[in-house]
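This note's numbering applies: residue 24 is where the sequence shown begins, and numbers increase by one. Just so you know, even glycine gets a beta-carbon here, dropped at the ideal spot from N, CA and C. Data block below; observations after.
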Amino acid sequence: ERVREKNSARRIAREEERERRERERTMPYESAPPFIIIVGAFCAMAGIQYLGNDVIYGKPKPMGQDDWDKKLVERDVRILEETRLKKEQDKKKKVSGYAELNKGRKWFGIL
């Protein structure tokens, strides 16, 4: 009888061990949905920020800029604006070459 009890105890222990192994194998499948949700939410937030910057500013957000980089951008904008204004003034002033050469002169020396 003791042998039977020992065998039944071993059988129960083996069955419990098998069930424990099965539970351990199913664990990654159970943890996958929350992980997928977390990663999906993170990617969605980053995508929304990227699209927002793209729509509002027309370009991706500049990363890692310090004061020097910002001042260079301000300088470039100022220089471009100055050259644009200079070109507009030149277009307004532009007259024919003949009139520019003979500015202040009389017409054929008569008038």
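Candidates the options: closest to residue i by CA position
i: Q72; options: K115, R98, P85; result: P85
Terminal residues of the alpha helix (DSSP H) in which residue i lies
i: Q112; result: 90-116
Inter-residue CB distance, residue i and residue j (contact presumed, cutoff 8 Å)
i: D89; j: P83; result: At roughly 18 Å, the Cβ-Cβ gap does not stay under 8 Å, so D89 and P83 are not in contact.
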